[in-house]
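Visitor: I'd like to ask you about the structure that follows.
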Amino acid sequence: MCGIFGYIGHKNTKDIILEGLKSLEYRGYDSWGVALKKLDGSIDLVKQIGKIGNSTIKDTNSNIGIGHTRWATHGGVTIENAHPHLSCNKEIVIVHNGIVENYLELKTQLEEKGHKFVSDTDSEVLAHYLEESYKKEVDPVLCMQNLCSVIKGLNAVIALFVKEETFVAYKNGSPVIIGKNNDEFFVSSDPVGIASYTDKLYFLEDGEIIKASKNSIELLNQDKKVKPVSFQTINFPKNMSDIGNYPHFMLKEINDQVDVITNILKTQRKDVEEVASKIKNAFGCFLVGCGTASYAGLAGVYFFSKIARRHLNTSFGSEFSYLINFIRRQSLVIALSQSGETIDTISSVKKAKEKGATLVSIINSPHSTLDRLSDKSLYLHAGPEKAVASTKAYTSKLAYLFLMAHAVAGSLKTGQSLLRKSVIEVKKVLDYSSKIKLLAKKIAKHDHIFILGRGLSYALALESALKIKEVSYIHAEGFPAGELKHGVIALIEKGTPVIVYNPKDETYEDTLSAAYEVKARGAFVIGVSEKKAPVYDVHIPVKFCSDATIIPQVVIAQLLGYYLALEKGLDPDKPRNLAKSVTVK
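Position one of the sequence shown corresponds to residue 2 (the numbering used here), numbered consecutively onward.
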């Protein structure tokens, strides 16, 4: 969500911070700001609504500064609410990611002491509290310790103490990464922001505080004891942000899926078999994720039921903490996340680990918080996913879960063969994109799209609806086709687009009946099936490859969402109100 980037060194601070923030744009934001300390000791502060620009930032001689991209939580999208925030005396600048749950109480206390607030945010209290503490403490680290002892919630706080030319950062929940390059230091909420400058990184653990000044750095653990800073050397993929010849990252990432799934087939057998063994030996297995990842988890439940004859549970990350009374030491939790920083998932699986459960993560981000929490991680190796709406990370998760179900069943070779067939069908769907583009043109003016499926295709319907509404802002809703008669059919009007997923499996005839039922009420029926039927106004063929058919089928929805967004003049990479990495509850 909110992106943080700071720098202390000897180079052009303004340019470095702006480039760092731009590298974090994919996370999603609605406003941004930069604070630079000038050589005369004053602060040059610029805030704007919308996309990052540099037209209003003067070339300032500065060796230290900090920037922020904001995704609004407390307070509307205004200049005043944008970060960074200043203390009253302008000697402390803060940026913040998270939610200060007791900010109203702290704000009242600070106002009674004469502090004046200019924003509606919870974040601004941090600057004023540090200022109040700074009156009594000469050490910025002690000021931060005082602050951390009173704030409630999951937060990352980075404070620039102007006189000392010092950063002090604190992490609890939301990620903070420090980079080092000789006598320069960088601070970021995402390693991607630092990748262009150094491969020497330190990932703060919860409760740690780090202080960085020119040529020096100090780290305190959660017990307030100094510990050495052990920088890791991280090898970042080359051309991390290369869009190639594609007009948008979303379209590139949809096309990437062929190579990504092929790579999993070639390289990940050992990891698949290792996790399959853990599933066999577990007493209770839970698939946990948020948004797109949760729908991958639901598909996993169907995979394991149909293929391996084994029951797995699934839960939204935000709901899982209310279900952990069932967790015991023999339980296995499988967390699904593109970023590895999804706070709802992280906070829930931490509670499961406290009860003794084993944690396996299926993630796209090595060195992320989930990765460091996990007993075992499976990496998607999907490359950076820059579009906010997840595509290749979703199908990669499906590929892993499909193969693991077959490994548990003792039929991994069969699973691999079927997955290879699904990749061939993905290629055919991509070749079919011109027809999907025409379909988008035909239905773009509708306010509602309904998507039906049974069994595994119900999980597919939910993800398809999410993909369409995320980027096109059309109300799309997925339903089990069997529930149609129990209320949903009341929403069907003449011309209403209805997508029907109808693979040639055990659900085929019943799903076809549902297609006829909506057709009888005037629906415009889009059939996704190997077999063409008279009821379909538009037929999109996908050859049946058992349960792996879900992968080429969902690519149709990804392309449809993309082209619907273009038809409506929207940016499919950066949909409104959404963030790539959701790091607040």
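The beta-carbon is built from N, C-alpha and C at its ideal position, and this holds for glycine as well. The structure presented is a predicted model; accordingly, all values stated were derived computationally and were not measured.
1) Any idea what DSSP makes of P542, helix, strand or coil?
2) Which runs of the alpha helix (DSSP H), 4 residues or longer, sit entirely within the segment 482-553?
3) Tell me where the alpha helix (DSSP H) around Q110 begins and ends.
4) Taking just the CA atoms, how far does K12 sit from E355?
5) DSSP beta-bridge partners for I195?
6) Am I right that F250 and D31 are in contact with their C-beta atoms under 8 Å? What's the rounded C-beta distance?
7) Where does Q233 sit, in a helix, a strand or coil, going by DSSP?
8) Suppose you measure from the CA of L579 to the CA of K228; what does that come to, to the nearest Å?
9) Who are the near neighbours of F6 in its chain, counting only those whose CB is closer than 6 Å to its CB and skipping five residues on each side?
10) Excluding the five sequence neighbours on either side, which residues of its own chain have a C-beta within less than 6 Å of the C-beta of V119, listed in chain order?
11) Who pairs with V96 in a beta bridge, going by DSSP?
12) Below 6 Å CB to CB, which residues in the same chain sit around G570 once its five sequence neighbours on both sides are set aside?
13) With DSSP run on the structure shown, which of helix, strand or coil describes G301?
14) Between which two residues does the beta strand (DSSP E) harbouring F168 extend?
15) Suppose the cutoff is 6 Å on Cβ atoms and the five residues either side in sequence are ignored; what does the same chain contact list for L413 look like?
16) What alpha helix (DSSP H) runs, 4 residues minimum, are completely inside the segment 443-483?
17) What separation, rounded to the nearest whole angstrom, lies between the Cα atoms of L567 and R329?
18) Tell whether a beta-carbon distance below 9 Å holds between V556 and I255.
19) So, with DSSP's three-state summary, where would you put M241?
20) Looking at C-beta atoms only, is the number of pairs between the segment 293-307 and the segment 461-480 that lie closer than 8 Å three or more?
21) If you draw a straight line from the C-alpha of M241 to the C-alpha of P367, how long is it?
22) Between the segment 256-272 and the segment 325-344, are three or more C-beta pairs nearer than 8 Å?
23) Given G496, which residues of its chain have a CB within under 6 Å of its CB, disregarding the five upstream and five downstream residues?
24) Quick check on the DSSP output: what are the complete alpha helix (DSSP H) runs of length 4 or more inside the segment 361-420, in order along the chain?
25) State buried or exposed for F451, treating a residue as buried only when at least 16 other CB atoms are found within 10 Å of its CB.
26) Quick one: what does DSSP say I18 is sitting in, helix, strand or coil?
27) Applying the criterion that 16 or more other CB atoms from any shown protein chain within 10 Å of the CB defines a buried residue, is A521 buried or exposed?
28) Between the C-alpha atoms of N147 and A36, what's the straight-line distance to the nearest angstrom?
29) Please classify I308: does DSSP put it in a helix, a strand, or coil?
30) Identify the residues that DSSP records as bridge partners of T70: which are they?
31) Counting pairs of Cβ atoms below 8 Å between the segment 348-364 and the segment 384-392, do you hit three or more?
32) Going straight from the alpha carbon of S316 to that of A460, what length do you get?
33) Would you decide whether H487 is buried or exposed? Buried here means 16 or more other CB atoms lie within 10 Å of its CB.
34) Should L439 go down as buried or exposed, given a rule of 16 or more other Cβ atoms within 10 Å for buried?
Guide: Taking the structure as given:
1) On the sequence shown, position 541 is the one that residue 542 refers to. Looking at P542 - three-state DSSP - the assignment turns out to be coil, as it is neither helix nor strand.
2) 509-521
3) Walking along the sequence shown from the start, residue 110 turns up at place 109. That run of the alpha helix (DSSP H) goes Y104 to E113.
4) In the sequence shown, the residue the question calls residue 355 occupies position 354. In the sequence shown, the residue the question calls residue 12 occupies position 11. For E355 and K12, the distance between alpha carbons rounds to 45 Å.
5) By 1-based counting over the sequence shown, the position of residue 195 is 194. The partner list for I195 (beta bridge, DSSP) is empty, contrary to what the question assumes.
6) Within the sequence shown, numbered from 1, the residue matching residue 250 stands at position 249. Within the sequence shown, numbered from 1, the residue matching residue 31 stands at position 30. Incorrect: roughly 19 Å between the Cβ atoms, too far for contact.
7) Residue mapping note: residue 233 aligns to position 232 of the sequence shown, counting from 1. Strand.
8) As a working note, residue 579 is residue 578 in the sequence shown. As a working note, residue 228 is residue 227 in the sequence shown. Answer to the nearest angstrom: the Cα atoms are 38 Å apart.
9) Here residue 6 refers to the residue found at position 5 of the sequence shown. Taken in chain order, the residues that qualify are I18, G21, L22, G68, S189 and G194.
10) Indexing the sequence shown from 1 puts residue 119 at position 118. So the list reads E81, once near-sequence residues are dropped.
11) As a first step, residue 96 is located in the sequence shown; it is residue number 95 there, counting from the start. I159, per the DSSP bridge assignment.
12) The count along the sequence shown starts at 1 and reaches residue 570 at position 569. Closer than 6 Å at the Cβ level, and outside the excluded window around G570, lies no residue.
13) Position 300 of the sequence shown, counted from the start, is the residue given in the question as residue 301. Helix, per DSSP.
14) For the purposes of this step, residue 168 is identified with residue 167 of the sequence shown, where counting begins at 1. Taken as a continuous stretch (DSSP letters only), the beta strand (DSSP E) holding F168 covers T167 to N173.
15) Looking up residue 413 in the sequence shown gives position 412. H407.
16) 457-473
17) Reading the sequence shown from its first residue, position 566 is the one you call residue 567. Reading the sequence shown from its first residue, position 328 is the one you call residue 329. Rounded to the nearest angstrom, the two C-alpha atoms are 49 Å apart.
18) For this step, residue 556 is matched to residue 555 along the sequence shown. For this step, residue 255 is matched to residue 254 along the sequence shown. Against a cut-off of 9 Å, the Cβ pair of I255 and V556 comes out as a contact.
19) Sequence index remark: in the sequence shown, residue 241 carries index 240 (1-based). With a pLDDT of only 48 at M241, under 50, the local geometry of the prediction cannot be trusted, and no value is derived from it.
20) yes
21) Within the sequence shown, the letter at position 240 stands for residue 241. Within the sequence shown, the letter at position 366 stands for residue 367. Reliability fails at M241, whose pLDDT of 48 lies under 50, so the model's placement of it is uncertain and the value that follows must be treated cautiously. Approximately 14 Å, taken between the alpha carbons.
22) no
23) For the purposes of this step, residue 496 is taken as the residue at position 495 of the sequence shown. Same-chain partners within the cutoff: F525.
24) 370-374 and 393-410
25) On the sequence shown, residue 451 is found 450 positions in, with the first residue counted as 1. Its Cβ being crowded by 16 or more others within 10 Å, F451 is buried.
26) Taking the sequence shown and counting its residues from 1, the one referred to as residue 18 is at position 17. Three-state DSSP puts I18 in a helix.
27) Residue numbering aside, residue 521 sits at position 520 when the sequence shown is read from its first letter. Exposed, because fewer than 16 other Cβ atoms sit within 10 Å of the Cβ of A521.
28) As a first step, residue 147 is located in the sequence shown; it is residue number 146 there, counting from the start. As a first step, residue 36 is located in the sequence shown; it is residue number 35 there, counting from the start. Going by the C-alpha atoms only, they are around 24 Å apart.
29) Reading the sequence shown from its first residue, position 307 is the one you call residue 308. Looking at I308 - three-state DSSP - the assignment turns out to be helix.
30) Here residue 70 refers to the residue found at position 69 of the sequence shown. In DSSP, T70 forms a bridge with G4 and W33.
31) no
32) The residue you call residue 316 lines up with position 315 of the sequence shown. The residue you call residue 460 lines up with position 459 of the sequence shown. Between S316 and A460, the C-alpha separation is close to 13 Å.
33) Position 486 of the sequence shown, counted from the start, is the residue given in the question as residue 487. H487 is exposed by the Cβ-count criterion.
34) Within the sequence shown, residue 439 is the residue found at index 438, counting from 1. Result: exposed.
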